[in-house]
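Scroll down for the structure; my scribbles are underneath it.
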Amino acid sequence: MKSLLLLTASGPLLILTSHQSLDDQKLLGVLRQKGIGKFVAFEVPLSLARERYGGHFHAVESNLHETDDLRVLDFNGQRVFQLFHFEELGSPILVERS
């Protein structure tokens with residue numbers, strides 16, 4: 173499982189996904205179906221997301237199965253930016269798909 177911060181045109185999203193990589197075409201297809209084709213992504217250490225979100229993380233994680241593509245952990249950009257510092261995140265990954 174991965175935790176990813178996506179900076180999209182409509183705002184930041186913190187997601188959990190069972191996909192192992194942002195190169196996964198199925199994951200990119202699911203995001204594209206949701207209207208997210210262009211974004212900057214940062215991997216958030218799973219342990220850090222678990223610590224910062226506590227019970228909410230556990231609730232979302234328990235609903236994520238290997239057959240699920242992703243779950244939104246947080247769509248409140250202000251909260252996401254308050255909870256994580258850029259230095260805690262992985263290197264930015266730029267994705268642009270039409």
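If you count the sequence shown from 1, you need to add 172 to reach the numbering used here.
Here a beta-carbon is modelled for each residue, glycine too, at the ideal position from N, C-alpha and C.
Keeping to the same chain, check which residues put their C-beta closer than 6 Å to that of Leu177; ignore five residues upstream and five downstream. Short of 6 Å from the beta carbon of Leu177, and not among the five residues preceding or following it, lie these beta carbons of its own chain, in chain order: Leu186, Phe214, Val216.
Using three-state DSSP, classify Leu194 as helix, strand or coil. Three-state result, Leu194: coil.
Going by DSSP, what residues sit across from Arg243 in a beta bridge? According to DSSP, Arg243 bridges with Leu188.
Going by the CB atoms, is the gap between Leu199 and Leu242 shorter than 8 Å? Yes, these two residues count as a Cβ contact at 8 Å.
Using the three-state DSSP reduction, which class does Ser175 fall into: helix, strand or coil? Reduced to three states, the DSSP call for Ser175 is strand.
If I follow the unbroken beta strand (DSSP E) through Ala213, where does it start and stop? Per DSSP, the unbroken beta strand (DSSP E) holding Ala213 starts and ends at 210 to 216.
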